[in-house]
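When we follow the working numbering, the leftmost residue of the sequence shown carries the number 1, and every step to the right adds one. In this text, a Cβ means the ideal position worked out from N, Cα and C, and glycines have one as well. Predicted model only: the values in this text are computed from it and were never measured. Step one of this worksheet: look at the structure below.
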Amino acid sequence: MRYSSQELMDMEQQYGAHNYHPLEVVITKAEGIWVEDPEGRRYMDMLSAYSAVNQGHRHPRIIKALKDQADELTLTSRAFYSDRWPLFAKKLVELTGKDMILPMNTGAEAVETAIKTMRKWGYLVKGVEKDKAEIIVFEDNFHGRTVTIISFSVDPIARDNYGPYTPGFVVVPYDDLEAVKKAVNKNTVGILVEPIQGEAGVAVPSEGFLKGLETIARENNVLLAVDEIQTGLCRTGKTFAFQHEGVDPDLIIMGKALGGGVFPVSAVAADKEVLGVFQPGSHGSTFGGNPLACAVANEALDVLIDEKMSERAAELGAYFMEGLKAIKSPKIKQVRGKGLLIAIVLEESAGKARKYTTALKEKGLLCKETHDWIIRFAPPLVITREEIDKALEAVREVLG
Ligand SMILES: *Cc1c(COP(=O)(O)O)cnc(C)c1O
1 MRYSSQELMD MEQQYGAHNY HPLEVVITKA EGIWVEDPEG RRYMDMLSAY SAVNQGHRHP
61 RIIKALKDQA DELTLTSRAF YSDRWPLFAK KLVELTGKDM ILPMNTGAEA VETAIKTMRK
121 WGYLVKGVEK DKAEIIVFED NFHGRTVTII SFSVDPIARD NYGPYTPGFV VVPYDDLEAV
181 KKAVNKNTVG ILVEPIQGEA GVAVPSEGFL KGLETIAREN NVLLAVDEIQ TGLCRTGKTF
241 AFQHEGVDPD LIIMGKALGG GVFPVSAVAA DKEVLGVFQP GSHGSTFGGN PLACAVANEA
301 LDVLIDEKMS ERAAELGAYF MEGLKAIKSP KIKQVRGKGL LIAIVLEESA GKARKYTTAL
361 KEKGLLCKET HDWIIRFAPP LVITREEIDK ALEAVREVLG
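Now the structure itself:
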């Protein structure tokens, strides 16, 4: 039995918890940058599942890796060795330049892992007094949905009514090095930062911000953890966004596109002095590093490299951004971003973004608003120049 879009949306409203407010479109099929609804209408995906589909929907190599691995071995748990996890760990070590990898599944789990690592390092290596460790985080951050992570969110919708909250976090304004310097003290074990704040509406910090954080971290014996879950794996025109400033963070947190648009795969990369704080039993995950995930992630990384996706993102992102900036409209306040992570910030007088994302959908473009006034454009990195021209035409018709 095939259901219509309306029937499916009604069913979701009735039976699914309402923790999302989806755009009114149902997707049944996808390939590359294109998705299709039950009625056969085709749309360009301009969200890429929040950058989890950088390689494009159902990349043939990644799907083949999934199917081949499914025929061999899927899950062992880490109680035993497998023939997949060591290969994936080695590949990720080569990609990040760090010594070791700790595998998890969702992004939030990788962030939790980084937090545990920094705290444990603080007690065992830095010598911070028991239960006094502090981690510096930033206003408007988004690092996931666990109780500990939302404890340091400043977004009331994400945070309210989930207390009691986890202590040990100090929130300072983003892009403000002076505030970070003031917040550092003898109990500070880490700084946790997004190189670009994606969920906050693609907030790009001033040049030198990350480099400045690195300096503060070095001078004060504090670890620098970058959350590259959304910005990493070629999205912004480099393998990792911190590479734009030549920074060498202590912990690199990855997720989303690591799973090739197929599977939740996340990881933390760091050197031995840092990730070496874990001993058997002190942290783990039943599914973390499972053979099926590792086979998929391995291929997902190879695809990014072989298809030169960071170069594509840099070049096509610049082209897309130039095109958006050329649209003359009293509704547009600002166009900002890096690589293929771009946002249009609307003037308040234009009204809320939702009506424009709905209008863009009618023109065949699936974008999602972030907050009330921002429209994000983050297509799969396999998008072509011709397809960007098509997208620009739709944006021009809706906003121009
Ligand atoms: C999506 C995201 C997360 C959380 O990842 P999940 O897989 O949804 O848990 C964390 N940090 C950033 C920057 C993200 O964009």
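Does any heavy atom of ligand 1 sit closer than 7 Å to the C-beta of residue i?
i, result
"Thr-106", "yes"
"Glu-194", "yes"
"Ile-229", "yes"
"Tyr-162", "no"
"Lys-126", "no"
"Tyr-50", "yes"
"Phe-152", "no"
"Phe-142", "yes"
"Lys-256", "yes"
"Glu-199", "yes"
"Val-35", "no"
"Pro-330", "no"
"Pro-264", "yes"
"Val-147", "no"
"Val-226", "no"
"Val-202", "no"
"Val-395", "no"
"Val-296", "no"
"Val-53", "no"
"Val-111", "yes"
With a 10 Å radius around its C-beta and 16 neighbouring C-beta atoms as the bar for buried, classify residue i as buried or exposed.
i, result
"Phe-80", "exposed"
"Asp-71", "exposed"
"Glu-362", "exposed"
"Arg-385", "exposed"
"Met-11", "exposed"
"Asp-160", "exposed"
"Asp-389", "exposed"
"Gln-197", "buried"
"Gln-279", "exposed"
"Ala-217", "buried"
"Met-1", "exposed"
"Ile-157", "exposed"
"Tyr-356", "buried"
"Asp-227", "buried"
"Asn-185", "exposed"
"Asn-290", "buried"
"Val-391", "The displayed chain sequence assigns Ala, not Val, to residue 391. The residue is buried, with at least 16 neighbouring Cβ atoms inside 10 Å."
"Pro-195", "buried"
Could you check which residue in the options has the C-alpha nearest to that of residue i?
i, options, result
"Glu-245", "Val-277, Leu-210, Thr-239, Val-268", "Leu-210"
"Thr-117", "Ser-282, Pro-330, Asp-160, Leu-87", "Ser-282"
"Leu-341", "Ala-133, Ala-49, Glu-214", "Ala-49"
"Gly-212", "Val-193, Thr-96, Arg-145, Asp-227", "Val-193"
"Val-26", "Asn-19, Tyr-43, Ala-17", "Tyr-43"
"Ala-269", "Tyr-3, Asp-99, His-57, Glu-7", "Asp-99"
"Gly-97", "Lys-272, Leu-365, Phe-287", "Lys-272"
"Val-53", "Lys-333, Phe-377, Lys-256, Ser-349", "Lys-256"
"Glu-393", "Arg-336, Leu-301, Leu-324, Pro-103", "Leu-324"
"Ala-203", "Gln-334, Glu-134, Arg-2, Ala-313", "Gln-334"
"Val-137", "Lys-120, Arg-312, Pro-167", "Pro-167"
"Gly-261", "Pro-22, Arg-58, Glu-7, Met-309", "Arg-58"
"Ser-310", "Gly-276, Ala-295, Phe-240, Leu-73", "Phe-240"
"Ile-344", "Thr-358, Ala-359, Ile-327", "Ile-327"
"Cys-294", "Phe-320, Leu-47, Leu-102, Thr-28", "Leu-102"
"Thr-286", "Asn-105, Trp-34, His-21, Gly-127", "Asn-105"
"Glu-139", "Ser-151, Val-128, Ala-133, Thr-146", "Ser-151"
For the alpha helix (DSSP H) containing residue i, list its first residue and its last residue.
i, result
"Asp-302", "291 to 306"
"Pro-103", "Where Pro-103 is concerned, there is no enclosing alpha helix (DSSP H), although the beta strand (DSSP E) it sits in stretches over 100 to 104."
"Ser-5", "5 to 15"
"Lys-67", "60 to 70"
"Met-309", "309 to 325"
"Asp-389", "385 to 399"
"Phe-209", "209 to 219"
"Trp-373", "Per DSSP, Trp-373 belongs to no alpha helix (DSSP H) and is neither H nor E."
"Ser-151", "147 to 151"
Give the range of the beta strand (DSSP E) segment to which residue i is assigned.
i, result
"Asp-227", "223 to 227"
"Tyr-43", "42 to 45"
"Val-335", "332 to 338"
"Val-202", "It is not in any beta strand (DSSP E) - Val-202 carries neither H nor E in the DSSP assignment."
"Val-171", "169 to 172"
"Leu-251", "251 to 254"
"Thr-239", "From DSSP, Thr-239 is part of no beta strand (DSSP E); its letter is neither H nor E."
"Leu-192", "188 to 193"
"Phe-138", "134 to 138"
Against chain D, does residue i count as a neighbour if the rule is that its beta carbon must be under 8 Å from one of theirs?
i, result
"Arg-376", "Protein chain content of the structure displayed is limited to a single chain, and chain D is not contained in it."
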